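Here the structure is laid out as structure tokens; the discussion comes afterwards.
Protein chains: 2
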Amino acid sequence: MAEKGRRTVRDLRRGSRSALLRHLYFEGPLSRHELGRISGLSSGSISNVVGELLADGLVEECGSVESDGGRPRTLLRVTPGLAHLVGVDVGETQVRVALFDLALTELAASDQPLSDCGHDVGHVVELILTGLSEVLERTGVDRSTVLGVGIGVPGIVEQDHPEADGDTVVVHGPTVGWDAVPLGRLLRAGTDLPLYIDNGAKTLGQAEMWFGAGRGARNAVVVLFGSGVGACVITDGARFRGSTSSAGELGHTRVHVGGRPCRCGARGCLEAYVGAEALVARWGDAPPGTSEKAGLAALLDAARQPHSKAAELLREAAEYLGAAIADLINLFNPERIVIGGWAGLLLGPRLLPAIRDAATDYAFSFPRAKTAIELGSLGPDAVTLGAAALPLSHFLDSGGSLSSRTGRHTQVG
Amino acid sequence: MAEKGRRTVRDLRRGSRSALLRHLYFEGPLSRHELGRISGLSSGSISNVVGELLADGLVEECGSVESDGGRPRTLLRVTPGLAHLVGVDVGETQVRVALFDLALTELAASDQPLSDCGHDVGHVVELILTGLSEVLERTGVDRSTVLGVGIGVPGIVEQDHPEADGDTVVVHGPTVGWDAVPLGRLLRAGTDLPLYIDNGAKTLGQAEMWFGAGRGARNAVVVLFGSGVGACVITDGARFRGSTSSAGELGHTRVHVGGRPCRCGARGCLEAYVGAEALVARWGDAPPGTSEKAGLAALLDAARQPHSKAAELLREAAEYLGAAIADLINLFNPERIVIGGWAGLLLGPRLLPAIRDAATDYAFSFPRAKTAIELGSLGPDAVTLGAAALPLSHFLDSGGSLSSRTGRHTQVG
DNA sequence: ACGGGTTAAATCACGCCGTGAGTTGACCCT
DNA sequence: AGGGTCAACTCACGGCGTGATTTAACCCGT
């Protein structure tokens with residue numbers, strides 16, 4: 000019943016505030032005049048809304064641009080120091096917590112290895128809370144200025160799970176042994192800040208779309224190529240979730256019906272051929288006791304020898320990843336595909352041509368011709384950045400409401 | 000610049016009209032009171048908007064429901080005879096044109112076989128225009144009451160193609176030899192009615208979502224299993240198009256890297272294993288000279304013999320289709336998957352259990368558990384029905400504007 | 001120093017919107 | 001005939017975006 004959506008005149012104002020705030024945030028400092036031109040609002044409304052935003056302190060004037068003959072236009076920007084954001088990356092080997100200002104400039108970060116306890120939930124929760132306190136203390140930032148904590152996790156993030164009450168966010172992460180973990184509720188015991196939990200691939204996608212190789216695209220897919228393989232699908236400019244927020248599980252699509260067993264239990268998954276864990280394991284020649292990262296670097300090094308097993312593995316991985324990307328092109332018809340993640344960035348320069356060729360071979364030629372395949376441009380910490388972008392996105396969508404801070408709420412992405 | 004969207008107070012009214020019209024159309028006759036309850040609008044607005052709709056003749060009163068003690072509520076419905084719709088299915092073997100009233104009751108239909116000229120564009124255009132005149136004449140319906148002509152075609156439908164001017168819809172159909180066919184412009188020479196052109200799988204999807212097995216779902220995939228294999232992806236209640244309207248090309252996703260050659264030129268496509276054309280060709284035992292439909296029926300009959308080649312082909316097709324559906328589940332996370340198309344409806348009762356099993360084997364268990372896989376419930380003429388639904392959808396979205404009739408416009412879906 | 005030209009930004013009357021309380025209308029039962 | 005009940009209409013109110021008009025802030029030529 001009673002579907003939401005713009006319904007009363009008041010919602011119009013919220014939409015206008017949100018639109019202006021977004022333009023000011025992403026298109027740098029703008030004058031009221033330019034703001035009117037790109038937003039389509041009339042000068043009267045611009046004056047009113049900007050006046051409100053100035054009064055609320057969300058926006059500030061920052062210099063002016065000279066003119067020849069007329070009144071100079073004063074520039075406006077979102078107040079960078081108004082509020083802060085926290086991003087958390089629960090990764091394969093570590094938990095990273097970073098504090099940002101509103102312009103997403105990193106003010107402090109805390110890296111904590113996951114040691115022997117692995118992904119034991121209590122341990123992870125403790126590391127997140129510890130890191131949170133640490134970055135806040137080190138910078139002296141007041142908790143009340145933090146808009147929220149965005150958290151990227153390795154698993155499917157579901158909302159409205161019947162078992163969870165109150166903080167209804169639940170995480171399913173088969174590869175790390177998480178089964179219906181009520182992460183929101185567990186963290187809630189240690190902090191009052193609003194929590195935004197989403198899959199790590201999706202936070203990476205958010206970062207690349209806003210600040211990286213995906214900028215400007217309305218339909219795109221960002222592939223997280225790390226230990227495993229995940230993806231973030233962007234449709235019409237927004238992250239696509241599906242009915243239970245598990246859309247984009249690229250790593251477990253089929254490349255061979257009845258193929259190599261995957262750590263998820265099925266056979267022939269993409270991840271079983273392309274994921275860093277699978278590659279290093281299949282190679283078998285990594286120096287014993289080294290980390291997965293070092294192992295993959297060694298594999299890349301060994302592959303410089305033509306006809307070696309390592310070279311063959313990489314050739315095969317490129318073909319399979321290209322074929323999977325071809326499927327993405329056929330099914331989603333994106334204008335851009337971005338390959339990120341630490342393994343993607345490490346292997347990308349070598350594999351990209353072969354990946355592009357395989358995608359061309361296997362995709363329908365018409366949509367393939369309109370799709371660019373590129374590497375991510377933000378480096379391995381993009382997951383943390385994207386996580387911090389989650390509360391920012393909410394902030395901008397809501398038209399700059401600061402009241403959410405007191406909400407004690409938790410939500411998906 | 001100047002992005003669209005609800006911006007002025009006037010757009011609110013358009014949205015309210017549209018919402019009320021939709022509720023009245025799909026939730027049958029409703030009283031003003033119920034309308035307010037399910038739409039969330041206040042009683043005052045309901046009175047205003049319904050008054051407008053009544054004055055415009057879009058809505059009419061139809062009886063009332065008695066009450067015990069109070070004023071009886073009068074029921075409202077969309078005037079069924081107010082306008083008419085035309086649906087066209089450019090199929091594998093024939094062109095079907097049907098005329099509907101606003102309630103999508105079929106008033107007349109014209110089936111014309113595609114004879115020897117095959118899919119020669121001029122021939123198809125002629126058949127469409129002939130069929131259109133025929134159904135209008137036979138029923139005596141005035142052209143001016145036709146809201147538009149929806150056309151489902153076997154190929155990718157693109158808008159804003161630089162080569163086409165004015166009517167900018169262009170169709171690419173590799174399997175029927177169409178390359179950048181300006182179908183909109185060609186038809187424009189023979190009719191002034193608004194044209195709505197989309198891929199046949201997408202019009203089938205529209206029909207199943209509105210009136211068939213997809214009803215009520217917000218995220219779903221409708222698979223068109225005919226000579227080839229296509230799909231219509233519905234996200235958040237709307238058909239998903241992608242950046243150049245080619246999303247959902249399921250038939251040419253990979254099931255075997257480097258497998259059986261497909262009629263599209265690539266290797267290992269799903270369609271090369273599952274499509275009716277491929278199945279009949281691989282079987283090879285169809286009585287010579289029979290149609291594809293008869294051939295597939297014969298194959299189904301032969302497959303009753305266990306361990307026969309036919310049975311093995313169907314077993315394999317079910318597994319591959321199930322695997323492809325598993326990929327759809329992983330990537331789109333829909334709440335429902337509907338299998339339609341003439342081949343799907345013919346083979347479905349036999350294959351569905353095996354398809355479901357394969358999907359369970361190959362998909363991530365968590366989203367799989369929340370996805371229902373079902374057969375379409377509308378029969379083989381659903382493509383035509385869905386095509387007629389395209390102008391209807393536009394009509395409802397616009398809040399019941401009849402002015403589009405005079406617009407001479409053409410558009411995708 | 002000063003006034004005319006030019007452009008940015010603020011102001012304001014106007015028409016329109018949805019809300020929700022109050023009113024009218026139509027029916028029931030006693 | 002009269003009171004109760006509920007649907008539907010009416011209307012004052014606060015709020016919105018628009019666009020013409022006014023005010024503010026700067027340039028340049030004299």
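So the protein lines, in turn, are chains A and B.
Using numbering that gives the first Met the number 0, you'd call the opening residue of the first sequence number 0 and step up by one each time.
Using numbering that gives the first Met the number 0, you'd call the opening residue of the second sequence number 0 and step up by one each time.
Backbone N, C-alpha and C fix where the C-beta goes; we use that ideal spot for every residue, glycine too.
Quick caveat, the model's predicted, so the values are computed rather than measured.
At 3 residues or longer, and completely inside the region 239-326 of chain A: list those beta strand (DSSP E) runs for me, N to C.
Here no run is fully enclosed.
Taking 8 angstroms as the CB-CB cut-off, is D326/A touching chain B?
Within the first sequence, residue 326/A is the residue found at index 327, counting from 1. Yes, D326/A counts as interfacial toward chain B.
Would you list, in chain order, the members of the region 315-342 of chain B that have their beta-carbon closer than 7 angstroms to a beta-carbon of chain A?
So the list reads E318, Y319, A322, A325, D326, N329, L330, F331, N332, P333 and E334, given in the order they occur along the chain.
Have a look at A301/A, Y272/A and A271/A and flag the residue whose alpha-carbon is nearest the alpha-carbon of A285/A.
What you label residue 285/A is simply residue 286 of the first sequence in a count that begins at 1. Nearest of A301/A, Y272/A and A271/A to A285/A, Cα basis: A301/A.
Please report the straight-line C-alpha distance between R16/B and H122/A, rounded to a whole angstrom.
Position 17 of the second sequence holds residue 16/B. Position 123 of the first sequence holds residue 122/A. Cα-Cα distance, rounded: 54 angstroms.
Within the chosen definition, does the region 362-372 of chain B reach the region 244-258 of chain A through at least 3 CB pairs nearer than 8 angstroms?
Cβ pair count under 8 angstroms is three or more, so yes.
Against chain B, with Cβ distances strictly below 8 angstroms, would E51/A count as a contact?
Stepping through the first sequence from its first residue, residue 51/A is reached at position 52. E51/A does not count as touching chain B.
Please go through the region 40-108 of chain A and give each complete beta strand (DSSP E) segment of 3 or more residues, from N-terminal end onward.
The region 40-108 of chain A contains these whole beta strand (DSSP E) runs: 58-64, 72-77, 83-89 and 93-100.
Count Cβ pairs between the region 147-159 of chain A and the region 170-183 of chain A that sit closer than 8 angstroms; are there 3 or more?
At 8 angstroms Cβ cutoff, the stretches touch.
So, with DSSP's three-state summary, where would you put N332/A?
Working through the first sequence from its first residue, we reach residue 332/A at position 333. Reduced to three states, the DSSP call for N332/A is coil.
Are any of the Cβ atoms in chain A nearer than 8 angstroms to that of L249/B?
Taking the first residue of the second sequence as position 1, residue 249/B is located at position 250. Taking Cβ atoms only, chain A reaches closer than 8 angstroms to L249/B, which makes this a yes.
Go to H171/B, then tell me how far its beta strand (DSSP E) extends in each direction, as first and last residue.
Numbered from its first residue, the second sequence carries residue 171/B at position 172. Where H171/B is concerned, the enclosing beta strand (DSSP E) stretches over V169 to G172.
Check A163/A in the structure and name its three-state DSSP category.
One-based indexing of the first sequence puts residue 163/A at position 164. Any reading at A163/A needs caution, since the residue's pLDDT is 45, under 50, leaving its predicted position unreliable; the model's value is listed next. In the structure shown, A163/A sits in coil (DSSP, three-state: anything other than H, G, I, E or B).
Quick one: grab the DSSP three-state call for P379/A.
Counted from its first residue, the first sequence places residue 379/A at position 380. In this structure, P379/A counts as coil in the three-state DSSP scheme.
Measuring alpha carbon to alpha carbon, tell me which of R95/B, P28/B, S143/B and D67/B ends up nearest A82/B.
Numbered from its first residue, the second sequence carries residue 82/B at position 83. Checking every option, the nearest Cα to that of A82/B belongs to S143/B.
What residue from R355/A, P390/A and A97/A has the CA that sits closest to G130/A's CA?
Sequence index remark: in the first sequence, residue 130/A carries index 131 (1-based). Ranking the options by Cα distance to G130/A, first place goes to A97/A.
Relative to the alpha-carbon of S400/A, which residue among R9/A, R6/A, R13/A and D100/A has its alpha-carbon at the smallest distance?
In the first sequence, counting from the first residue as 1, residue 400/A sits at position 401. It is R13/A.
Beta-carbon separation of A386/A and G151/A under 8 angstroms?
What you label residue 386/A is simply residue 387 of the first sequence in a count that begins at 1. What you label residue 151/A is simply residue 152 of the first sequence in a count that begins at 1. Yes.
Run the CB neighbour count on Q304/A, radius 10 Å, all protein chains shown included, and call it buried at 16 or more, exposed below.
Residue mapping note: residue 304/A aligns to position 305 of the first sequence, counting from 1. Looking at its Cβ environment, which holds fewer than 16 other Cβ atoms inside 10 Å, Q304/A is exposed.
Using C-beta distances below 7 angstroms, list every residue in its chain close to G398/A, excluding the 5 sequence neighbours before and after it, in chain order.
Residue mapping note: residue 398/A aligns to position 399 of the first sequence, counting from 1. Correct list, in chain order: R13, R16, S17 and L20.
Taking Cβ positions, are A381/B and L203/B nearer each other than 8 angstroms?
Stepping through the second sequence from its first residue, residue 381/B is reached at position 382. Stepping through the second sequence from its first residue, residue 203/B is reached at position 204. Yes; because the gap between Cβ atoms is below 8 angstroms, this pair is in contact.
Check each candidate in D356/B, A353/B and F331/B and name the one with the smallest Cα separation from D416/B.
Coverage of chain B is limited to positions 0 through 412, which leaves residue 416/B absent and any answer about it impossible.
Please state whether DSSP places E26/A in a helix, a strand or coil.
Stepping through the first sequence from its first residue, residue 26/A is reached at position 27. Note: E26/A maps to coil in three-state DSSP.
Please tell me whether L34/B has its Cβ less than 8 angstroms away from any Cβ of chain A.
As a first step, residue 34/B must be located in the second sequence, where it is residue number 35. No, L34/B does not count as interfacial toward chain A.
Cβ atoms of A102/B and G253/A: under 8 angstroms apart, would you say?
Sequence index remark: in the first sequence, residue 253/A carries index 254 (1-based). Sequence index remark: in the second sequence, residue 102/B carries index 103 (1-based). At residue 253/A the sequence reads Arg, which differs from the Gly that was named. No, these two residues do not count as a Cβ contact at 8 angstroms.
Spatial neighbours of V87/B within its chain, please: CB distance less than 6 angstroms, with the 5 preceding and 5 following residues excluded, ordered by chain position.
Position 88 of the second sequence, counted from the start, is the residue given in the question as residue 87/B. For V87/B, where only same-chain residues beyond five positions count, the Cβ hits under 6 angstroms are V96, I127, I150 and A386.
Under a Cβ-count criterion, where at least 16 other Cβ atoms within 10 Å of its own Cβ denotes burial, should S42/A be classed as buried or exposed?
Locating residue 42/A in the first sequence gives position 43, counting from the first residue. S42/A comes out exposed.
If I follow the unbroken beta strand (DSSP E) through D356/B, where does it start and stop?
Here the question's residue 356/B lines up with position 357 in the second sequence. Note, D356/B: premise wrong, no beta strand (DSSP E); alpha helix (DSSP H) at W341 to Y361.
Could you pull out every residue in the same chain whose Cβ sits closer than 7 angstroms to the Cβ of E207/B, ignoring the five residues on either side in sequence?
Taking the second sequence and counting its residues from 1, the one referred to as residue 207/B is at position 208. The answer, listed in chain order, is G213, V221, V337, G339, G375, L377 and A381.
Can you list, in chain order, the residues of its chain whose CB lies under 8 angstroms from that of L23/B, leaving out five sequence neighbours each side?
Within the second sequence, numbered from 1, the residue matching residue 23/B stands at position 24. The residues are L29, L34, V58, L75, R76 and V77.
Which residues, in order along the region 353-364 of chain A, keep a beta-carbon less than 9 angstroms from a beta-carbon of chain B?
Against chain B - using a Cβ distance shorter than 9 angstroms - the residues of the region 353-364 of chain A are A357, D360, Y361, A362, F363 and S364.
Which of the three DSSP states, helix, strand or coil, is assigned to L194/A?
As a working mapping, residue 194/A is identified with position 195 in the first sequence. DSSP places L194/A in strand when its eight states are reduced to three.
Near L113/B, what residues of its chain come up, given a Cβ to Cβ distance below 7 angstroms and the 5 sequence neighbours on each side ignored?
As a working note, residue 113/B is residue 114 in the second sequence. Same-chain partners within the cutoff: T92, Q93 and V94.
At the level of alpha carbons, what is the spacing between T359/A and R367/A?
Start at 1 with the first residue of the first sequence, and residue 359/A comes out as number 360. Start at 1 with the first residue of the first sequence, and residue 367/A comes out as number 368. Taking the straight line from one Cα to the other gives about 6 angstroms.
Based on the DSSP output, what are the partners of L374/B in its beta bridges?
The residue given as residue 374/B occupies position 375 in the second sequence. Per DSSP, I338/B.
Contact criterion: CB-CB distance below 8 angstroms. Does R6/B meet it with respect to chain A?
Here residue 6/B refers to the residue found at position 7 when the second sequence is read from its first residue. Closer than 8 angstroms to some Cβ of chain A, the Cβ of R6/B qualifies, so yes.
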